[in-house]
Structure formats: C-alpha cells, structure tokens
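See below for the structure under consideration.
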Amino acid sequence: MRGKDEEGNDLVIARDYIAHGFRSRAAELITREFGPETEIEVARKLQQEITAERFTRLDRSILRDAPSEALELGALSGREPVWQTARIGRLRTLERMGLAEECEPGRWRIDPELEPKLRRMGERGDIVKTMHREMAAAGITRAAGDYSIFDPERDGQRLVGRVVGEGFADELTERRYVVIDGVDGRTHYAELGSLRANEEAPVRNTILELRSRAAEPRAIDRTIASVAARHDGIYSDRLHREFDPQASGEYVGSHVRRLEAMRREGMVSRLADGSWNVGRDYLDRALEYEKLQQRNNPVRAAVLSWQRLEDLPQALGSTWLDRTLVGKEPAELASTGFGAEVETALRTRRQWLIEQGLAREEAGQIRFARNMLQTLEARELARTAADISARSGLEHVDVKAGGKIEGVYRRMLTLNSGRFALIERSHEFVLVPWRPVLERVRGQMVSGSVGGEGISWSIGIKRGIGR
2 MRGKDEEGND LVIARDYIAH GFRSRAAELI TREFGPETEI EVARKLQQEI TAERFTRLDR
62 SILRDAPSEA LELGALSGRE PVWQTARIGR LRTLERMGLA EECEPGRWRI DPELEPKLRR
122 MGERGDIVKT MHREMAAAGI TRAAGDYSIF DPERDGQRLV GRVVGEGFAD ELTERRYVVI
182 DGVDGRTHYA ELGSLRANEE APVRNTILEL RSRAAEPRAI DRTIASVAAR HDGIYSDRLH
242 REFDPQASGE YVGSHVRRLE AMRREGMVSR LADGSWNVGR DYLDRALEYE KLQQRNNPVR
302 AAVLSWQRLE DLPQALGSTW LDRTLVGKEP AELASTGFGA EVETALRTRR QWLIEQGLAR
362 EEAGQIRFAR NMLQTLEARE LARTAADISA RSGLEHVDVK AGGKIEGVYR RMLTLNSGRF
422 ALIERSHEFV LVPWRPVLER VRGQMVSGSV GGEGISWSIG IKRGIGR
C-alpha cells in the first residue's frame, strides 16, 4: 500500500473502521462468496461461546434483554431455539463465574460490571496465550501456574530477567509488550507503553530490569524549584551554578534536559535568552508531567546486560554477573527456572575471577579485588581499542577527568561492559560511554567536557582530541 488515495492525497482510515470495519467487511464478502452459515455452524460457534472466559455475542444479547441488570427468561422467547438454549447455558456459566445469580426460577440478576470484567478476563487469556507462544518459540518450558502479569500500579515493584519475546500489545496506539523469564523462577508479561524517539524496543536474550514508575517529582525537580524560587520562577544554567558553584557541567546539563522534555509537553517555556520560565508552581507541573509519563509509559525499563547469559561467565569486561556479585545490582534468585541458570552462571563467574586474580577465597567467603569492576572494564576497552587500531591504523587516546573530547562520532559499540561511543579524528580515536543523544549526530563533529559525573556533549566545529 502506498498510503495515497486516487488523487495522490494521504490515505486516512478511521480508527473505528480499522478496529471493526475490516472484519465486518470481510465477513460480508465471505458470506457473499460461500453463503450464510448453516444451522450446524451457528450451533457449533454458540456452543464454544457458552463456556468462553471472555465477552461474547451471547453476553451482549443477555445485556440487551436485561434492563437494570435483571433478566426474565420470558424475555428470551420468540427467538431461535438454538440461541435461547445457548443463552441459558451461558447464564449457568456466568453463575459459576460469580457474574450472574438466579434469584428465583426463571429470573436472573446480572453483575453490573459484566462486560468490563469479561473483557479483562479475555485480555488475560490472550496474554497467557502470548506468553505461551513466546516461551515455546524460545524453546523454554515453564509451568503455566508460574505465569504472572507485571502490575505497574504496585509501588516499588522490581523485576529482573531475560527477554524471551516482545511485540505490539496494541498496534493502533503502538503500545508494546515484553515477556520476561524472571530470576524469581516465574514468567512475566509487562506492557511498556509506546516507545519514545530515543528508545529501542527490547531485544531478545538481553537481561532487562523493569520497575513501576512512581508519579512524583524527582530530586532533579526539587533542585530546579529551589533555583527558580530565588529568581521569580526563572531557571538557567548560570543561575544554577550561582546556586551550587560545585555543580559539574554534566549535572547542570541533566537539569536542562529535564526541562527540555517538559517543554515538549507544554509544561514549561524557554525564553529568548536561553533561560526557562518554570513558574513558582514548578513542583506541581513536575508532578503532572510524571503522571502523564506514568499513563503513557507505566514501566521503567533498563538493560542490565546486552549480552546473553550464556556468554557472560567467562567474558572479558565488567558484566551484569560481576555487578550482581559485588552487590551493585542484587537480585533474589529462585532455585528453579532462570534463577537457577543465573546461580550456575554466578558460580562459574566466581571461579573465573579467581583464576584472573581478581578474587580469592578466604574462610569459605569470596573476597573481590578493590576496583574489580573498573579493572574488568579497562581490560575490555584496552583489547577493543587494540583491535580498532589494528584495523584502522588510528592511535587510541585516553581521556582523563577534566579533559576535552573533540572529534567525529562514528558509531556505537556494544561491549560486555556496556555501550561505548567511538569518537575519532584523522589519526586518533577515543572510546567513551555512549548516550542516545549521540545518534542524532552520527558522522558529525561533537565536543564534550569530561567531568566526575560523566561527559557533557555538544556539537562543535573545532577539531582534535583534547588530552
């Protein structure tokens, strides 16, 4: 499809037609081609609907004949016997579900929330089917009783596990789902909302962390509010540095990026001189922004490892296993399922670290070398830099805190220690932690200042890599 009509204009299709019209039209064409359904076909479909755990045509007809949630079986008279028999059978099923009650012979009381409750049951059934399909495709067997749906409404929820499947929960709104084989031994389904411009869809076999999103202002918002309170609701990077002279450029920049995100939602405005009008009620605005983010993206997702678990036990670099061992990213592991696989990988990793001289066993306990994570990362970066130098002929340059970076951003590298950006000039290159903002300027000049809290990036015209 070109997405154009016969006059060359954009083809716009109503949402309702996409949701229901195509199916209705297809049914009409099939009926025209093959004729109407036979009585046997109608009876077979109705029989399936009698015990269905979802909202059906039978439920719709029952609600139509049940004013004020009360139904007289006499109201069903005059209809085809097969339909009447099916509706009575459906009422018995609803009674077992606790959604209908026979008050007296022939008189029924219908749950006022019948339709939404059945639709939720149907959605859950679809979710379980999706989970089973994704697990089967990944070749993983788990008991259906260990299936769980991640509830973002529960505060403080944290889930860690392996991505076994992902896709669209709703293609019209582009809401995505992910299926996680959790370290708690259970299989989880979570809706992530729609992806933002700088976000990637979850990748199968990566290790992912999910957290429920709390709708409350962040610490960064309280700092912005404190600065603005001294200047009649105005914030700027200059005013921030006056407020906190010790603040690094990267730290101040994170506050500006926060305001830029809120500006796109119309909650703050940027003035001509580059300062920000955030208002005296900024914390209220920040709360509204977080509530909006919670509705659109109810779950926070963070990749803990881009590499498969099978590749981590003897991998060069600072891996998720290492961060788990030293307590940076603790996880409660089940003795079954993926939790058992992770426990086995951790044992293998501990032995590997001992062989590498980065850990030792004392009195039955493992002691890790000081700065072990930094040492592992440095070793992987050194090997990666040597490989790049051998292929490109460029010299690798280290950049220390307080230094400057200037060069062309070439590409992102996914390593065991994380993602890194390759910045190069004619004869040199550096490897530094990657950030999504760099993808917008791939192949262009960038410059950055290295601080204690990271690198503050900007697009520049100067050339050279500062040391």
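Under this note's numbering, residues 2 to 468 are what the sequence shown spells out, in order. The beta carbon of each residue, even a glycine, is placed where N, CA and C say it ideally should be.
Does DSSP classify residue i as helix, strand or coil?
i: G79; result: Because G79 sits at a pLDDT of 47, beneath the cut-off of 50, its placement in the model cannot be relied upon, and the following sentence gives the value as read from the coordinates. Residue state, collapsed to three classes: coil.
i: R361; result: strand
i: G99; result: coil
i: S319; result: coil
i: V129; result: helix
i: A170; result: strand
i: Q48; result: helix
i: R108; result: strand
i: H397; result: strand
i: R441; result: helix
i: A402; result: coil
i: I221; result: helix
i: R121; result: helix
i: Q158; result: coil
i: G90; result: helix
i: E425; result: strand
i: E291; result: helix
Please classify residue i as buried or exposed, where buried requires at least 16 other C-beta atoms within 10 Å of its C-beta.
i: L423; result: buried
i: Q48; result: exposed
i: L72; result: buried
i: L173; result: exposed
i: A220; result: exposed
i: R177; result: buried
i: S450; result: buried
i: G358; result: exposed
i: G185; result: It should be pointed out that residue 185 corresponds to Asp in this sequence rather than to Gly. Under this definition D185 is a buried residue.
i: L272; result: exposed
i: G408; result: buried
i: P106; result: exposed
i: A360; result: buried
i: E484; result: This structure gives no information on residue 484, because the portion of the chain shown stretches from 2 to 468.
i: H428; result: exposed
i: E425; result: buried
i: P299; result: buried
i: S319; result: buried
Quick check: what's the CA-CA separation for residue i versus residue j?
i: G275; j: A230; result: 18 angstroms
i: L382; j: L305; result: 18 angstroms
i: V180; j: I141; result: 12 angstroms
i: G166; j: A364; result: 43 angstroms
i: E251; j: V438; result: 13 angstroms
i: E50; j: P203; result: 36 angstroms
i: M136; j: R143; result: 8 angstroms
i: G91; j: R155; result: Note that residue 91 is Arg in the sequence shown here, rather than Gly. In a straight line, the C-alpha of R91 is about 34 angstroms away from that of R155.
i: G455; j: R443; result: 20 angstroms
i: S149; j: E378; result: 36 angstroms
i: A101; j: G338; result: 40 angstroms
i: R371; j: R259; result: 35 angstroms
i: E103; j: W109; result: 4 angstroms
i: G79; j: T86; result: With a pLDDT of 47 at G79, under the threshold of 50, the modelled position of this residue cannot be trusted; read the value that follows with caution. One C-alpha to the other measures close to 12 angstroms.
i: S393; j: T325; result: 36 angstroms
i: R58; j: W458; result: 58 angstroms
i: R121; j: L64; result: 17 angstroms
i: D60; j: E54; result: 11 angstroms
Where do the ends of the beta strand (DSSP E) carrying residue i lie?
i: P469; result: With the chain covering 2 to 468 only, the question about residue 469 has no answer from this structure.
i: K405; result: 405-416
i: D182; result: 176-183
i: V447; result: 446-452
i: L209; result: 208-213
Could you check where the alpha helix (DSSP H) with residue i kicks off and where it finishes?
i: W498; result: An answer regarding residue 498 cannot be provided, because it is not within the stretch 2 to 468 covered by the chain.
i: H256; result: 250-265
i: S62; result: 58-65
i: H241; result: 238-244
i: L347; result: 338-356
Rounded C-beta distance between residue i and residue j? I'm assuming under 8 angstroms.
i: A302; j: N417; result: Rounded, the Cβ-Cβ distance is 20 angstroms, inconsistent with contact.
i: V269; j: R286; result: 7 angstroms
i: P117; j: R214; result: That belief does not hold up - the Cβ atoms of P117 and R214 are roughly 24 angstroms apart, past 8 angstroms.
i: T94; j: Y190; result: About 26 angstroms separates the two Cβ atoms, so there is no contact after all.
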